[in-house]
Amino acid sequence: MNINKAIYLTSVANSKDLINDGVPEFAFVGRSNVGKSSLLNYITGKRELAKTSSTPGKTKLVNYFLVNDFRFVDLPGYGFAKVGKSQKDVWSSLMGDYLLSSKSLVLTFLLLDCRHLPTDQDKQMINYLMHYNLPFMIIITKIDKLSKLALNKNIKKIAYELKLREEMFVAVSSQAKLGREKLLDIIEARLSLFEGGK
Ligand SMILES: Nc1nc2c(ncn2[C@@H]2O[C@H](COP(=O)(O)OP(=O)(O)OP(=O)(O)O)[C@@H](O)[C@H]2O)c(=O)[nH]1
Ligand SMILES: [Mg+2]
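In the working numbering, the protein residues as written are 30 to 227.
Put into structure tokens, the structure is as follows:
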């Protein structure tokens, strides 16, 4: 699949403003700083599309991007310790409302840093997705940071910790530009299933 078009659409702060027009969507969730916005830019080939930052907590809104004839949705990162409890609640409820209300959410990508074991919040997110029967895949990010050997070892550990099969994992690096083709293949396959199922 080629990406012919990738444009920023809008950012939403309130659940009532979430878009629900039937256009297929792929959501990106994960801890603050795990590399969600960078991955979006890497996949679309537009470096400045989603704002990235080395300071965690950059993405606080639900950000919509039109890509070809589907959408990428960049969700706020969780687990950022420096925000107050009230703000944490706002983020998670906005994210939760998005995940439950989008009627055309084709697939959610949950991003995990290859160097770290999943946190309790990562596990909560996976439980949430499973509980509501929302299809998801795990993306292992920043694989340029590890040797191949260490990476394979960590992926095994993460899979064991989550009790998930390694086939649900895709390893990527936005920096070293690895994993794009595989992700695009997955997106294409899921889109055709979605369109066929309508
Ligand atoms: N080495 C390496 N660094 C990366 C990679 N992807 C992202 N980063 C860096 O990690 C930091 C966070 O990246 P973002 O894409 O802004 O992370 P995010 O998940 O969108 O963060 P929030 O918006 O805070 O939730 C930035 O400093 C990026 O340059 C990667 O593949 N390799
Ligand atoms: Mg971000």
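Backbone N, C-alpha and C define an ideal beta-carbon position, used for all residues, glycine too.
Do you know offhand how far residue i's Cα is from residue j's?
| i | j | result |
| --- | --- | --- |
| LEU180 | ARG144 | 8 Å |
| VAL41 | SER122 | 13 Å |
| SER202 | LEU175 | 11 Å |
| ASN70 | LYS192 | 30 Å |
| MET154 | ASP142 | 15 Å |
| LEU129 | SER44 | 11 Å |
| ILE167 | GLU195 | 9 Å |
| ASP214 | TYR157 | 26 Å |
| SER83 | VAL135 | 29 Å |
| ARG100 | GLU54 | 5 Å |
| TRP120 | ASN33 | At TRP120 the pLDDT is 49, less than 50, meaning the model places this residue with poor confidence; the figure from the coordinates comes in the next sentence. Their backbone Cα atoms lie some 32 Å apart in a straight line. |
| THR73 | TYR37 | 11 Å |
| PRO164 | PHE223 | 12 Å |
| LYS132 | ALA35 | 22 Å |
Measure the CB-CB distance between residue i and residue j and report whether it falls below 8 Å.
| i | j | result |
| --- | --- | --- |
| PHE138 | ALA56 | yes |
| LEU146 | GLU190 | yes |
| ASP151 | ARG60 | yes |
Quick check on residue i: does DSSP put it in helix, strand or coil?
| i | result |
| --- | --- |
| ASP98 | coil |
| ASP40 | Here residue 40 is Ser; the residue named in the question, Asp, does not match the sequence. Strand. |
| SER67 | helix |
| ILE48 | coil |
Relative to the C-alpha of residue i, which candidate in the options has its C-alpha closest?
| i | options | result |
| --- | --- | --- |
| GLN204 | LEU38, VAL63, ASN156, LEU136 | VAL63 |
| GLY106 | ARG100, ASN97, THR81, VAL96 | THR81 |
| LEU89 | THR148, ALA218, VAL102, SER221 | For the sequence presented, residue 89 should be read as Lys rather than Leu. Per the Cα distances, VAL102. |
| SER67 | ASN97, MET30, THR170 | THR170 |
How is the beta strand (DSSP E) around residue i delimited, first residue to last?
| i | result |
| --- | --- |
| ASP142 | 134–142 |
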